[in-house]
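Reviewing the structure listed below.
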Amino acid sequence: MIDDKCVFCNKPAVLENDLAKGFFDIRPMAPGHFLIVPKEHYVTFFDAPRDVQIAMVDLLDQAKTYLDEQYHPRGYQVFSHVGEAAYQKVFHAHIHLVPVA
Numbered sequence: 195m196i197d198d199k200c201v202f203c204n205k206p207a208v209l210e211n212d213l214a215k216g217f218f219d220i221r222p223m224a225p226g227h228f229l230i231v232p233k234e235h236y237v238t239f240f241d242a243p244r245d246v247q248i249a250m251v252d253l254l255d256q257a258k259t260y261l262d263e264q265y266h267p268r269g270y271q272v273f274s275h276v277g278e279a280a281y282q283k284v285f286h287a288h289i290h291l292v293p294v295a
């Protein structure tokens with residue numbers, strides 16, 4: 195299912211596989227801040243079926259290679275906010291990949 199009102203459901207992909215897509219964050223913490231999301235709408239990573247979770251992690255690895263080539267970072271922050279108590283602001287599952295200069 196895709197939620198027509200969800201900004202992540204409607205965002206074009208920079209990278210993708212069958213079940214997940216990735217794109218740059220519109221409010222980046224650092225240059226190259228990238229988000230990995232499922233193509234279907236799930237509120238959190240843990241709500242997504244296992245095959246979707248695996249596709250997201252596979253795309254995370256692809257995104258790291260892409261960002262390595264573009265930004266040459268010294269490291270990365272990888273994280274996900276799950277639920278309001280954890281400061282989740284967009285209620286579509288997503289993983290942040292933030293290059294560290």
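Counting from 195, one number per residue, gives the positions in the sequence shown under the numbering used here.
From the three backbone atoms N, C-alpha and C, an ideal C-beta is built for every residue, glycine too.
(1) Residues bridged to I289 by DSSP?
(2) Kindly indicate which residue of V251, G216, D212 and A257 has the alpha-carbon position closest to the one of K205.
(3) Taking DSSP as the reference, what is the three-state secondary structure of A249?
(4) Within 10 angstroms of its Cβ, does I289 collect 16 or more other Cβ (buried), or is it exposed?
(5) Taking the Cβ atom as the reference point for each residue, do H286 and V246 lie within a distance shorter than 9 Å?
Taking the geometry as given:
(1) I230, per the DSSP bridge assignment.
(2) Sorting V251, G216, D212 and A257 by C-alpha distance to the C-alpha of K205 places G216 at the top.
(3) A249 falls in the helix class under three-state DSSP.
(4) Buried is the label assigned to I289, since at least 16 other Cβ atoms lie within 10 Å of its Cβ.
(5) Not a contact, by the Cβ cut-off of 9 Å.
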